[in-house]
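Asker:
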Amino acid sequence: MSVFTKPVFESTVIFEGQELFKGQGAARQWAQQVGNELGVSVEPRKIGTGWALVGNIDGIETVWGIYGQRLMRIASHSDKD
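Sequential numbering of the sequence shown, starting at 115, is according to this note's numbering.
1) What span of residues does the beta strand (DSSP E) with GLN132 cover, start to end?
2) Any idea if ILE161 is buried or exposed, counting beta-carbon neighbours within 10 angstroms, 16 or more meaning buried?
3) Can you give me the start and stop residues for the beta strand (DSSP E) that GLU175 sits inside?
4) Cutting at 8 Å between CB atoms, please list the residues of its own chain near GLN183, excluding the five before and the five after it.
5) Take ALA166 as the anchor and find which of ILE174, ASP172, VAL156 has the nearest alpha-carbon.
6) For a test of the three-state rule: what should DSSP assign to GLY139, helix, strand or coil?
7) For TRP165, which residues does DSSP report across the bridge?
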């Protein structure tokens, strides 16, 4: 089963209309799963009040958040604390 079809039953927050992981630990676990599936390095990144997953695919920074309890690619954001 692809990590992109698994339901995300983690606590989330909404920041600038994007649903993100509430905790760094959960984001780190999902980042490892995404990285393993895609064969790239993926790590959690703080965006506002939540955590997104960030990796580099074919030279392009890719950011994932959550939509409908599934991982979804979202637009890049600058870090805002």
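Think of the CB as a built atom: it goes at the ideal place given N, C-alpha and C, for glycine as much as any other residue.
Answerer: In terms of the structure at hand:
1) As a working note, residue 132 is residue 18 in the sequence shown. In this chain, the beta strand (DSSP E) harbouring GLN132 covers 132–135.
2) Taking the first residue of the sequence shown as position 1, residue 161 is located at position 47. Residue burial annotation: ILE161 is buried, with at least 16 other C-beta atoms found within 10 angstroms of its C-beta.
3) Sequence index remark: in the sequence shown, residue 175 carries index 61 (1-based). Unbroken beta strand (DSSP E) run through GLU175: 174–181.
4) Along the sequence shown, one-based indexing puts residue 183 at 69. Closer than 8 Å at Cβ, skipping near neighbours: PRO121, VAL122, PHE123.
5) The residue labelled residue 166 in the question sits at position 52 within the sequence shown. Nearest Cα to ALA166 within the set ILE174, ASP172, VAL156: VAL156.
6) For this step, residue 139 is matched to residue 25 along the sequence shown. If DSSP states are grouped into helix, strand and coil, GLY139 belongs with the helices.
7) Position 51 of the sequence shown, counted from the start, is the residue given in the question as residue 165. TRP165 pairs with PHE135, LYS160.
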